[in-house]
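Data block below; observations after.
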Amino acid sequence: MLELLCCPSALRTDILTWICRRINPKFGTSEAMSAESKDPDDLEKKIAAMSQELMLCKADDLDLIKGKASPQRQLGFLEQLLSLVSGSSGHRTDAEALLCEVFTAENLPHLRQMLRPALDPWPAHVEALYEVPESALKPGEEFPDVSDLLQSTQTQLEQLQSKCDFLNSAEENPAALSPSSLRLAAGDLQQQMMTFSHLYETDLRVYCSREPPNFSAETDLFQRVQQQLLACNTELEMQKEICEASECVSEEVKGLQTQPRYWSRGEKHTLPDQLEEISQRVENIASQRHT
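My numbering applies: residue 784 is where the sequence shown begins, and numbers increase by one.
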């Protein structure tokens, strides 16, 4: 099995071609693919190009397609391809199916026409529906309503194109609207939607099914509550300022009691020492008078 899947052989190439056709049924059905090519590596290059669109490898990584890479890398590549086969065999999401249908080769001209709207000639099968036999038309008969409708439609399309900036920037950066980028964006969107659906079913549905609350029509109550809250905030701010002022006064008093700031006999003394010295002087003076 390892020799069959990881060694270069025609049977291995047939297996890769079969997987690519299971992923994209139109792979290998075009005239360019069915005709014999002069390039012997043409089929491997087309498989590599398709793998690059699926973001599995690079377009020039022919060693991986031919079976010349390491077995571990080849088995990982085949596993990723087979996972896409299981996803496209009946479990493919609507977004992926829509992208595959939109980006097919025959729909690309219509997609470009949608991105760059203009009044181009109708396709042949559409013109046939509007062909009118010459015998049914009278000389000088015209269709003013249809002309006015087409003119107004063209004007609306031009206005819409001028408002959509991404349509004008698509010419400068064509990779922004490439199939692989849109496929990746659709996959991310699908993952986010699945996550939200699971979260809604498990947690949010209970709250969303509740009846809406009944609000009171008495607005005076809310006004009185707001006034009281404002008064409470004002009082709290005043209490904060009082606490800050009290702390400042306490620090100042503490500094007066502990820091020497007053000169006496060539030295600085604290306020309690200075008051004690003054008290002793007053007592001495009073005792001298009594004697």
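For each residue, glycine too, the CB sits at the ideal point set by N, CA and C.
On a predicted model such as this, the values are computed, not experimentally measured, just so you know.
*Could you spell out the range, first to last residue, of the alpha helix (DSSP H) harbouring GLU836?*
825-836 is the span of the alpha helix (DSSP H), which, as asked, contains GLU836.
_Element boundaries [beta strand (DSSP E), containing GLU1001]_ = Taken as a continuous stretch (DSSP letters only), GLU1001 belongs to no beta strand (DSSP E), as it is neither H nor E.
*List in chain order: all unbroken alpha helix (DSSP H) runs of 4+ residues lying wholly within the segment 975-1048.*
Within the segment 975-1048, the complete alpha helix (DSSP H) runs of at least 4 residues are 988-991 and 1002-1041.
*For ARG1064, does the count of other Cβ atoms within 10 angstroms reach 16, so buried, or fall short, so exposed?*
A residue is called buried when at least 16 other Cβ atoms come within 10 angstroms of its Cβ; ARG1064 does not meet this threshold and is exposed.
*Under 8 Å by Cβ, that's how I've got CYS803 and MET838 pegged, so tell me the actual separation to the nearest angstrom.*
Not confirmed; about 15 Å, so no contact.
_Backbone CA spacing between GLU1030 and GLN1011 [nearest angstrom]_ = Spanning the two alpha carbons is a distance of roughly 29 Å.
*Check each candidate in PHE1005, THR1053 and ILE830 and name the one with the smallest Cα separation from VAL1036.*
For VAL1036, the nearest C-alpha among the options comes from THR1053.
*asked:* In this structure, how does DSSP classify LYS1051 when only helix, strand and coil are distinguished?
replied: Here LYS1051 sits in strand by DSSP.
*Alpha-carbon spacing of SER992 relative to HIS981, whole angstroms*: Cα-Cα distance, rounded: 16 Å.
*Within its chain, find whatever has a CB closer than 8 Å to the CB of LEU865; leave out the 5 residues flanking it on each side and keep chain order.*
Excluding residues within five positions, the ones whose Cβ falls inside 8 Å are ILE802.
_Please report the straight-line C-alpha distance between MET1021 and TRP1046, rounded to a whole angstrom._
So the alpha carbons of these two residues sit roughly 39 Å apart.
*asked:* I'd like to check one pair, PRO1055 with GLN1040: are the Cβ atoms closer than 8 Å?
replied: The answer is yes: Cβ separation under 8 Å.
*Buried or exposed for LYS829, please, with buried defined as at least 16 other CB atoms from any protein chain shown within 10 angstroms of its CB.*
Buried.
*Does DSSP put ALA852 in a helix, a strand or coil?*
If DSSP states are grouped into helix, strand and coil, ALA852 belongs with coil.
_Using a 10 Å radius around the Cβ and a threshold of 16 neighbouring Cβ atoms, would you call ALA831 buried or exposed?_
With 16 or more Cβ atoms within 10 Å of its Cβ, ALA831 is classed as buried.
*How about ASP822 and LEU845: are their beta carbons less than 8 Å apart?*
Result no, Cβ atoms of ASP822 and LEU845 do not sit closer than 8 Å.
*asked:* Below 8 Å on the Cβ atoms is my contact criterion, and I expect GLY850 with CYS789 to pass it. Report the Cβ-Cβ distance as a whole number of Å.
replied: Yes, GLY850 and CYS789 are in contact; Cβ-Cβ is about 6 Å, under 8 Å.
*Using a Cβ-Cβ cut-off of 7 Å (strictly less than) and excluding sequence neighbours within five positions of PRO791, which residues of its own chain qualify?*
Residues of the same chain with a CB within less than 7 Å of the CB of PRO791, apart from the 5 flanking positions on each side, are LYS849, GLY850 and LYS851 in chain order.
*What's the call for ILE1025, buried or exposed, on a 16-neighbour Cβ count within 10 Å?*
By the neighbour-count rule (16 or more Cβ atoms within 10 Å), ILE1025 is not buried but exposed.
*Could you have a look at ALA842 and say whether DSSP puts it in helix, strand or coil?*
Secondary structure at ALA842: coil, using DSSP grouped into helix, strand and coil.
*asked:* Does CYS883 come out as helix, strand or coil in the three-state DSSP assignment?
replied: Helix at CYS883.
*Report yes or no: is there a C-beta of chain C within less than 8 Å of the C-beta of LEU932?*
The structure shown contains no chain C; it is built from a single protein chain.
_6 Å CB neighbourhood of CYS840 in its chain, flanking five on each side removed_ = Once the five neighbours on either side are set aside, the close Cβ partners of CYS840 are SER834 and LEU847.
*Assuming PRO854 and LEU785 make a contact with CB atoms under 8 Å, what is their CB distance in whole Å?*
Indeed they touch by this definition, with Cβ atoms about 6 Å apart.
*Where does SER792 fall in DSSP's three states?*
Per DSSP, reduced to three states, the secondary structure at SER792 is coil, with no helix or strand assignment.
_Helix, strand or coil for LYS946? Go by DSSP, reduced to three states._
In the structure shown, LYS946 falls within a helical segment according to DSSP collapsed to helix, strand and coil.
*What's the gap between the Cα of THR796 and the Cα of PHE810?*
Straight-line Cα distance between these residues: approximately 14 Å.
*Output yes or no for whether 8 Å exceeds the beta carbon distance between GLU884 and PRO962.*
Contact flag unset, no.
*Please say whether ILE806 and LEU867 have beta carbons closer to each other than 8 Å?*
Yes.
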